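*Asks:*
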Amino acid sequence: MLDLRLLVTTFIATLFVVACSPVATETPTAISQATDSPLLSPTQPAATATPTERPNLTLRFWLPDSLAGLDSVDAGDVLSEQISEFEQSFPDIQVELRLRAASGTGGLLETMNTAAQVAPGALPDVTLLRLQDFLVAAQEGLLQPLNERDLIVGADDFAPDVVDMAQIDNVWFGVPSTLEILHVAYSSTEPTIESWRFDQLLAARVPFLFPGMSENGLSPVFLLQYLVAGSQEPSNGVLTLDENALRATLRFYERAASDGLVSPTALEYSAPERYPDALNEDIPTVVTSSLYLRALGEDRQLQPGYIPTTTGEPATTLDGWLWVVIRTGNEQQLAALRFINWMLDAQRQSDYHKATHMLPAALAAQRQLDPDYAIFVESLFQNAVLLEPDLTNNLTARALQSAYTAVISGQSTAADALSNAVAQIGG
């Protein structure tokens, strides 16, 4: 059985591995031509390997460290068991698992780009990419298009916005695996907050902690609140200026900062993971779904809530990871699809995501969460904003971030911040 924990000990040394020997050129074969039916039924019984059978195909699987559950012994055991059962069911395929850094120098996408240029044979057959890297990889031609008929899941198995993650010009280039969404968490010993509207939260004097800093452009929390306030839906990742929407959100923060409900310290955090254990405090705090599920796994007494907006209605930002096929050889593609289908089984998805404290993408796996949380998550998909990189990193996004920062830090009034933003974008 594969031992993920053993892989962790050699992780640093294997961040970058490419083949140095010449690699034979493979003729690209479209996955859509592979088969007319799913390559694996979710209820297909496991085949029993005989002692004389030997794998004749190696499937190279790169696993991002962010999804490996490195702090969980259970995650390694669950993944090892699922891969071993796959190899028993398909004795001609051996899975070669490699851990990769999810981002940064030597990260997964950087390594793939380098390998594609100097040693294509060193590329993985299958991996998982975060939405931002997925879009870049698709643009650079690293991903193979998928045909829905080859998969055991389809559009009906995901929320509509989750399907949008995986499709480019209505073509599937990935299959959603793991989601990362934003919502509020606060102590379950506190009274339930009935309304998350700006005006009612101000009237009730409810404090609020969130990641207000942005490393590249606009904080996802600000983005969501701005869009809910009435800004025109982004088209092709283009964020436009809506003065009324900006005015409404700036006035909320001006009042909240004046009343001590929002602190300038929020501007020190670029992500919920940067908080100094704020979940121990009795104030509503914006968290990721992963942070929330991990806290519940530690038996913290929490309840979820919506991100404050002008309407108070359910809304969230949507990020996540997608299964993708990289190699172009027909046999490798078929093996990769069989493996993806195996891992997409609802029970396997549920078991692994439970062990890693992450949110599965498929609706069937989400239904195996705590029932109350599953209903809450479903409500958020009524208004979900895909975190495409161009949406938060452009002139308009940076002007909006400057306006929010100036108001929360007390450097500017809402009216002046609005005027400055209009001048920046218009100039």
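Numbering (the working numbering), first residue to last: 13 to 439.
Virtual Cβ for every residue (Gly too), placed ideally from N, Cα, C.
A quick note: this is a predicted structure, and the numbers were derived from the prediction, not measured.
1) By Cβ distance below 7 Å, which residues in the same chain neighbour S200 in space, the five residues on each side in sequence not counted?
2) Are there 16 or more other CB atoms within 10 angstroms of the CB of R142, so buried, or fewer, so exposed?
3) Taking the C-alpha atoms as reference points, what is the distance between P40 and L305?
4) Any C-beta of chain D sitting closer than 8 Å to the C-beta of D289?
5) What's the gap between the Cα of L79 and the Cα of T139?
6) Select from S92, W354, A150, L213 the residue whose C-alpha is nearest the C-alpha of M6.
7) So what's W208 in DSSP terms, helix, strand or just coil?
8) Would the stretch 283-291 and the stretch 201-210 be scored as touching if the rule is three or more Cβ pairs under 8 Å?
9) Write down every uninterrupted run of the beta strand (DSSP E) in the stretch 144-231 whose length is 3 residues or greater and which is fully enclosed by it, in chain order.
10) In whole angstroms, what separates the C-alpha of L221 from that of G116?
11) Return the CA-CA distance between T328 and L191, expressed in angstroms with no decimal places.
12) Less than 8 Å separating the beta-carbons of A87 and T368?
13) Could you tell me the alpha carbon to alpha carbon distance between R217 and L273, rounded to whole angstroms?
14) Find out if the Cβ-Cβ distance for the pair V107, F351 is shorter than 8 Å.
15) Rounded to a whole number of angstroms, what is the C-alpha to C-alpha distance between Q244 and M124?
16) Out of curiosity, what's the CA-to-CA distance linking P50 and G166?
17) Spatial neighbours of Q394 within its chain, please: C-beta separation below 7 Å, excluding the five flanking residues on both sides.
18) Is it right to say S270 is buried, meaning 16 or more other beta carbons lie within 10 angstroms of its own, or is it exposed?
19) Could you check what DSSP says for T425 in three-state terms: helix, strand or coil?
20) How many angstroms separate the CA atom of S424 from the CA atom of Y265?
21) Can you grab the Cα-Cα spacing for the pair I420 / L194, in whole Å?
22) Does the stretch 329-347 come close enough to the stretch 409-417 to have 3 or more Cβ pairs within less than 8 Å?
23) Over the uninterrupted alpha helix (DSSP H) stretch that includes R10, give me the two end residues.
24) For S92 and Q100, I'd like the C-alpha separation in whole angstroms.
25) Rounded to whole angstroms, what is the Cα-Cα separation between N182 and E160?
26) Given L71, which residues of its chain have a CB within under 8 Å of its CB, disregarding the five upstream and five downstream residues?
27) Answer with buried or exposed for Q359, where buried requires no fewer than 16 other C-beta atoms within 10 angstroms of its C-beta.
28) Candidates Q237, Y416, V250: which alpha carbon is nearest P402's?
29) Between the C-alpha atoms of G309 and S189, what's the straight-line distance to the nearest angstrom?
30) Considering only DSSP beta bridges, list what P372 is partnered with.
31) Look at the Cβ atom of P76, then the Cβ atom of L147, and state whether they are nearer than 8 Å.
*Replies:* From the atom records:
1) Walking along the sequence shown from the start, residue 200 turns up at place 188. Excluding sequence neighbours, S200 sits near Q313, L314, Q315.
2) Translated into positions along the sequence shown, residue 142 becomes position 130. Buried is the call here.
3) One-based indexing of the sequence shown puts residue 40 at position 28. One-based indexing of the sequence shown puts residue 305 at position 293. Any reading at P40 is ruled out, since the residue's pLDDT is 34, under 50, leaving its predicted position unreliable.
4) Here there is only one protein chain, and chain D is not present.
5) Indexing the sequence shown from 1 puts residue 79 at position 67. Indexing the sequence shown from 1 puts residue 139 at position 127. Rounded to whole angstroms, L79 to T139 spans 11 Å at the Cα level.
6) Past the edges of the chain, shown from 13 to 439, lies residue 6, and the structure says nothing about it.
7) In the sequence shown, residue 208 corresponds to position 196, counting from 1. Coil, per DSSP.
8) no
9) 187-199
10) Position 209 of the sequence shown, counted from the first residue, corresponds to residue 221. Position 104 of the sequence shown, counted from the first residue, corresponds to residue 116. Roughly 28 Å between the two C-alpha positions.
11) Counted from its first residue, the sequence shown places residue 328 at position 316. Counted from its first residue, the sequence shown places residue 191 at position 179. About 12 Å.
12) Against the sequence shown, residue 87 aligns to sequence position 75. Against the sequence shown, residue 368 aligns to sequence position 356. Going by C-beta atoms, A87 is nearer than 8 Å to T368.
13) Here residue 217 refers to the residue found at position 205 of the sequence shown. Here residue 273 refers to the residue found at position 261 of the sequence shown. Rounded to the nearest angstrom, the two C-alpha atoms are 7 Å apart.
14) The sequence position of residue 107 within the sequence shown is 95, counting from 1. The sequence position of residue 351 within the sequence shown is 339, counting from 1. Their beta carbons are under 8 Å apart, which means V107 touches F351 by this criterion.
15) Position 232 of the sequence shown holds residue 244. Position 112 of the sequence shown holds residue 124. When rounded, the distance between both Cα atoms is 36 Å.
16) Reading the sequence shown from its first residue, position 38 is the one you call residue 50. Reading the sequence shown from its first residue, position 154 is the one you call residue 166. Because P50 sits at a pLDDT of 48, beneath the cut-off of 50, its placement in the model cannot be relied upon, and the following sentence gives the value as read from the coordinates. Their Cα atoms are separated by approximately 11 Å.
17) For the purposes of this step, residue 394 is taken as the residue at position 382 of the sequence shown. Same-chain partners within the cutoff: P326.
18) For the purposes of this step, residue 270 is taken as residue 258 along the sequence shown, with counting starting at 1. So S270 ends up on the exposed side.
19) Here residue 425 corresponds to residue number 413 of the sequence shown, with the count starting at 1. Three-state DSSP puts T425 in coil, outside helix and strand.
20) The sequence position of residue 424 within the sequence shown is 412, counting from 1. The sequence position of residue 265 within the sequence shown is 253, counting from 1. In a straight line, the C-alpha of S424 is about 11 Å away from that of Y265.
21) Here residue 420 refers to the residue found at position 408 of the sequence shown. Here residue 194 refers to the residue found at position 182 of the sequence shown. Cα-Cα distance, rounded: 21 Å.
22) no
23) Here the chain covers residues 13 to 439 and nothing more, so residue 10 does not appear.
24) Start at 1 with the first residue of the sequence shown, and residue 92 comes out as number 80. Start at 1 with the first residue of the sequence shown, and residue 100 comes out as number 88. Roughly 12 Å separates the two Cα atoms.
25) To locate residue 182, count along the sequence shown from 1; it is residue 170. To locate residue 160, count along the sequence shown from 1; it is residue 148. When rounded, the distance between both Cα atoms is 11 Å.
26) Residue 71 sits at position 59 when you count from the first residue of the sequence shown. I105, Q106, V107, E108, D137, V138, Q344, A347, A348, F351, listed in sequence order.
27) As a working mapping, residue 359 is identified with position 347 in the sequence shown. It is exposed - the Cβ of Q359 has fewer than 16 other Cβ atoms within 10 Å.
28) Translated into positions along the sequence shown, residue 402 becomes position 390. Checking the displayed sequence, the identity of residue 402 turns out to be Asp instead of Pro. Here the closest residue by C-alpha is V250.
29) If you number the sequence shown from 1, residue 309 lands on position 297. If you number the sequence shown from 1, residue 189 lands on position 177. Approximately 20 Å between the Cα atoms of the pair.
30) Taking the first residue of the sequence shown as 1, we reach residue 372 at position 360. DSSP lists T190 as partners of P372.
31) The count along the sequence shown starts at 1 and reaches residue 76 at position 64. The count along the sequence shown starts at 1 and reaches residue 147 at position 135. Contact flag unset, no.
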